[in-house]
Structures are given as C-alpha cells and as structure tokens.
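Residue numbers (the UniProt record's numbering), protein chains in the order written: chain A, 1 to 187; chain B, 1 to 209.
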C-alpha cells in the first residue's frame, strides 16, 4: 500500500488530479475521525478534514517523498483542528489545570456528588459518552489521545505529527489515560 | 498508598507496549498482592479498550467529490495525457488517421497541374487529353486535373481525377472509368488503393509456398 501511495503522490506532484482523488478516498475516514475526536462535532470535523485535504494538495510540492505521507497529512489535519479549537475556546473551563498543581483540574474542586449520575450514563449512548469525556480533556491531551487511539499510531509518529519530543507524547498519553480512567470508570 | 506511583508508571509502560520482561514480572507479582493496584490496572485497560473500539464514523458519501471541486484547476496537458494513457488503442488509431488524412490531403492540395500517366501518342490540348483516332493505349490510364476525350481506344481502366470524361467522344474504353472530383472521393480512392495494395501484397505472400 505504501508504495502505491508513493506512486500516486508522484503523479499528484506532476499535477494529476485523478491520482489525488484516490488519495482522498483512501485517507478520508481516518482524517475525519481524527478531527472528530478532537473537535467533537461531525459537521465541523468533515469541514476540517476537507480543508486538510485541500491544504495538502496545494502544498504538495513541499512534501518530502522520503517521509510518510500519512504523518504529513495528519499533521496538517491536527494543526487545523487545534487552530479551530483555539478560536472557539471559552475563557474559562473546568478542565483548565489549576496553577501550581500537577494535573489537577477544576473538576477536582467540585463536590463528588455532581459527577455523572448512573442513570444518565446508562441512558446515553456509550460512544457519545466517551466522546463527551474526551472533549472534557484539555486540547493538548485530546490530540494525543485521538492520534493514539483512533489511528493507533506509534509514539514516534505522534511526536513527528505534533512536533513535540517522544517523552512529552508519553507523558500526555499517560495523563490523558489516567484522566479518562477516572471519567470512564463508572460505565 | 505508597506503592502506587511506581507501579502506575509500569502500567502505562505496559499499555505503551514498552515494558521490559523484568518490569512486567515485577508488575505482575505486585498486582497479585495489591488489590488497589489491580483495580487501577483493570480500569486503565478498560479505558483503552473503550477508546480503541469506538464506532467507525464515516464521512458523507460525496466527500471526495467536494474536495476535488475545491482544488485549483488542473493543467489541460495532463488531462489529455491521462486520456491517452487510458485509451492506448484509440490514441494510436487517432494518430494513424491524422497522419493518413494529412498526407492524402497534402497530396491533393499539392498538384493542381495537369498530369497523365502515359503521354505516348496522346494529344494535350489545354486542359484536355485527347486519345486520337486510331491510337490504342495499352494498360490503365490516369489523368489528373484535366479532362479526357477518347477518340481512339484504351485497353484498360481509366481514372480521371479532378476532371471529366467527355462523353461525346466515340472512343472505346475496355474496362472501368473512374471519376474522382471531391476531396472525400479522393480520400476514398486513396484508401481503396491502399487496401488493394495490401491485399495484393498479401496474395503474393500467400502464393509463396
């Protein structure tokens, strides 16, 4: 598959549109899911995925063929989504880390009784619930979690996509996993 | 729980598939004795499973089309090239016909001079070729850009290109008279000639034992 994609990319670089069509249909669901996990809204996610493919096409000449195309594409998609999240970010939210604490957020300041009542959890579709919990994470954890669990990418690839050291990727995955463990334990 | 932090670290290493054999052994033996860590580990594994088994969302069916419509316009040359690559036989046929018609037409346009295949014993009067009385032309006769008047006789076929056979003449033609006056007729005549040649060549080959 990789060599096939590489050939297609070469054609696209020469300006062949039809070759790009194959690339889009191959990666569309992956990119869409990645965006969806981060932004939490299917309509916006599709919009972002579309934008990512258009940007990738316009900038195809800057893509180094010796590298993995998916990494490059996911990077574009992730950056676009993070930008979008930042634009619509509220001034304050419960997941903001409290200064001077290590990973403690505003949820920990709330009384325990206000955590999801069981009945409500049961009535909600499990996928929607998981997505809602992911949305509750700060975006830097969200992007790592999305890349790790939706696309099942290696730590090294994630570090390349997000342009952060592998160590940081690990820390964020661990923290994200712990945070979600707390949120998902009562399902 | 003093034990927790160190073992939680190992649990994450395990989930990242980066744990060493020794570490895994120490984690397992600890889990057997520590119930708190056991449930923590269980919850983590469950979280990972939940995240990995999320429903596969699909983009809307016209997604690719929408993306393609938003791309900058394609270079014309490339779309032609792709068409040729996809239809090699049609392209070859197209090239063949372009050359063929091209050469036939150029021949048609080139000579507007009067010409005749055999001049012996014939009289040329302006644009008219006359086969005089008492003269017999042996074999086929081709006249280009001129009329033909036969008073004598022709022992073969006659082809008149861009001209007329003057019927008033009392002469005698053994064989067919062909008149070619239009470009398309000329093309048709050339093609017929071409295939006749091909077949006669083929016949020669078949006759050779």
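Idealized CB from N, CA, C, for every residue including glycine.
{"Check": "Every unbroken beta strand (DSSP E) inside the region 110 to 137 of chain B [3 residues or more]", "Outcome": "123 to 125 and 128 to 131"}
{"Check": "CA-to-CA distance, residue 153 (chain A) to residue 166 (chain A), given in whole angstroms", "Outcome": "13 Å"}
{"Check": "Nonlocal neighbours in the same chain, by C-beta distance under 8 Å from residue 118 (chain B), ignoring five residues either side", "Outcome": "137, 139 and 141"}
{"Check": "Bridge-paired residues (DSSP) for residue 48 (chain B)", "Outcome": "According to DSSP, residue 48 (chain B) bridges with nothing at all."}
{"Check": "Residues that residue 159 (chain B) bridges to, as DSSP identifies them", "Outcome": "B:142 and B:178"}
{"Check": "Listed by chain order, chain B residues near residue 18 (chain A) by CB distance under 7 Å", "Outcome": "82"}
{"Check": "Contact the region 15 to 23 of chain A vs the region 134 to 141 of chain A: 3+ CB pairs below 8 Å", "Outcome": "no"}
{"Check": "Closer than 8 Å to chain B by CB, residue 6 (chain A)", "Outcome": "no"}
{"Check": "Proximity test, Cβ basis, 8 Å: residue 118 (chain B) and chain A", "Outcome": "no"}
{"Check": "Integer Cβ distance of residue 169 (chain A) from residue 158 (chain A), believed to fall under 8 Å", "Outcome": "5 Å"}
{"Check": "Contact with chain A by residue 16 (chain B), beta-carbon distance below 8 Å", "Outcome": "yes"}
{"Check": "Presumed contact (8 Å Cβ cut-off) between residue 128 (chain B) and residue 144 (chain B), rounded CB distance", "Outcome": "In fact, because the Cβ distance is near 13 Å, the residues do not count as touching under 8 Å."}
{"Check": "For residue 166 (chain A), the three-state DSSP class (helix, strand or coil)", "Outcome": "helix"}
{"Check": "Rounded C-alpha distance that separates residue 32 (chain A) from residue 46 (chain A)", "Outcome": "6 Å"}
{"Check": "Three CB pairs or more closer than 8 Å across the region 94 to 104 of chain B and the region 52 to 62 of chain A", "Outcome": "no"}
{"Check": "Beta-carbon spacing of residue 74 (chain A), residue 48 (chain A) below 8 Å", "Outcome": "no"}
{"Check": "Residue 181 (chain A), buried or exposed, once every other Cβ within 10 Å from all chains shown has been counted against 16", "Outcome": "buried"}
{"Check": "Given residue 164 (chain A) as reference, the closest of A:141, A:179, A:186 and A:185 once Cα atoms are compared", "Outcome": "A:141"}
{"Check": "Which residues DSSP lists as bridging residue 165 (chain B), in chain order", "Outcome": "B:148"}
{"Check": "Coil, strand or helix - residue 15 (chain B) by DSSP", "Outcome": "helix"}
{"Check": "Whether residue 209 (chain A) touches residue 37 (chain A) by CB criterion (8 Å)", "Outcome": "Residue numbering for chain A in the displayed model covers 1 to 187; residue 209 (chain A) lies beyond these limits and cannot be assessed."}
{"Check": "Selection of the region 167 to 182 of chain A by Cβ proximity to chain B, strictly under 9 Å", "Outcome": "170, 173, 174, 177, 178, 180, 181 and 182"}
{"Check": "Within-8 Å CB hit, residue 12 (chain A) to chain B", "Outcome": "no"}
{"Check": "is_contact[residue 144 (chain A), chain B] using C-beta, thresh 8 Å", "Outcome": "no"}
{"Check": "Whole-angstrom C-beta distance between residue 47 (chain B) and residue 148 (chain A), which should lie under 8 Å", "Outcome": "Actually they are not in contact, since the Cβ atoms of residue 148 (chain A) and residue 47 (chain B) sit about 12 Å apart, beyond 8 Å."}
{"Check": "Assigned secondary structure, residue 16 (chain A) (DSSP; H/G/I helix, E/B strand, else coil)", "Outcome": "coil"}
{"Check": "Selection of the region 35 to 51 of chain B by Cβ proximity to chain A, strictly under 8 Å", "Outcome": "40, 43, 44, 46, 47, 48, 50 and 51"}
{"Check": "Cβ-based burial, residue 130 (chain A) [other Cβ within 10 Å; buried from 16]", "Outcome": "buried"}
{"Check": "Residue(s) in a DSSP beta bridge with residue 172 (chain B)", "Outcome": "B:153"}
{"Check": "Alpha-carbon to alpha-carbon, residue 186 (chain A) and residue 123 (chain A)", "Outcome": "Only weak support exists for where residue 123 (chain A) lies, its pLDDT of 45 falling under 50; the value from the coordinates is given anyway. Rounded to whole angstroms, residue 123 (chain A) to residue 186 (chain A) spans 13 Å at the Cα level."}
{"Check": "Residue 179 (chain B) beta carbon less than 8 Å from that of residue 197 (chain B)", "Outcome": "no"}
{"Check": "Residues that residue 184 (chain A) contacts on chain B, provided the C-beta gap is smaller than 9 Å", "Outcome": "43, 46, 47, 50 and 51"}
{"Check": "Local Cβ density within 10 Å of residue 8 (chain A), reported as buried at 16 or more and exposed below that", "Outcome": "buried"}
{"Check": "Straight-line gap, residue 184 (chain A) to residue 44 (chain A) (C-alpha atoms, nearest Å)", "Outcome": "25 Å"}
{"Check": "C-beta neighbour in chain A for residue 71 (chain B), strict 8 Å", "Outcome": "yes"}
{"Check": "Cutoff 7 Å; reference residue 44 (chain B); Cβ partners in own chain excluding five residues on either side", "Outcome": "11 and 15"}
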